[in-house]
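Working notes, beginning with the structure itself.
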Amino acid sequence: MVSIDRSTEAAAVPSADQGPQAPGSGTAKRQLPSFLVIGVLSTLFYLVLYVVARRFVDPQVANFLALAISAVANTAANRRFTFGITGSEGALRHQLQGAVAFLIGLGLSAGALALLDLAAPDASKAVEVAGLIVANGLATVVRFLLMKVWVFRKK
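Mind the numbering: the sequence shown is residues 574 to 728 in this note's numbering, read in order.
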């Protein structure tokens with residue numbers, strides 16, 4: 574006769590609370606890679622928009638336009654791919670909450686451009702872009718935390 578250890582068998586059967594997770598409830602360990610990929614793509618999109626706009630307008634206006642456009646795309650992509658929220662329910666609210674992250678990023682990047690203008694008024698566009706990359710890196714950390722704990726939080 575074969576003996577079965579029930580404690581091992583019970584551990585292998587998923588419990589009801591291990592089923593599909595609610596939107597936005599994933600772990601940071603699972604969400605971070607998606608957020609980083611979207612962040613890199615959004616930053617590249619932002620930088621391309623900035624460089625193009627910079628040909629026609631001053632740095633602050635170019636920064637605002639590029640950041641505003643890329644922030645909407647970033648929030649939509651993170652909503653879907655990082656936090657697993659589909660459908661249109663709550664999309665406008667999420668974009669409005671994402672606007673807070675946009676304003677923080679705008680403050681950091683506009684501040685970086687203003688400091689650069691004071692410190693090196695004749696800095697090249699490459700130096701402007703480098704400063705914006707640093708400012709956007711800081712804003713990205715804030716954006717993830719805001720999205721995780723406020724915008725796409727588990728209800």
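Even glycine gets a Cβ: it sits at the ideal position worked out from N, Cα and C.
Per the coordinates, the alpha-carbon of W723 lies some 15 Å from the alpha-carbon of F608. Fully contained in the stretch 608–693 are the following alpha helix (DSSP H) runs of length 4 or more, in chain order: 632–650, 664–692. When DSSP states are grouped into helix, strand and coil, R726 belongs to the coil group. Assignment of T713 by DSSP, reduced to helix, strand and coil, places it in the helix class.
Distances from the alpha-carbon of A703 to those of L620, V645, A601, F675 put L620 closest.
In the three-state reduction of the DSSP assignment, A696 falls in the coil class, being assigned neither a helical nor a strand state.
Burial is judged here by how many other beta carbons sit within 10 angstroms of a residue's own beta carbon; A685 has at least 16 and is buried. Between A646 and S615, the C-beta spacing is below 8 Å. With 16 or more neighbouring CB atoms inside 10 Å of its own CB, P632 falls in the buried class.
Only residues of its own chain outside the window of five on either side were considered, and among them T713 have a CB closer than 7 Å to the CB of G612, listed in chain order. Within 10 angstroms of the beta-carbon of L617 lie fewer than 16 other beta-carbons, which makes it exposed. Residue environment analysis places K721 among the buried positions, since at least 16 neighbouring C-beta atoms fall within 10 angstroms of its C-beta. Contact check for Q604 against T655 passes: the beta carbons are separated by less than 8 Å.
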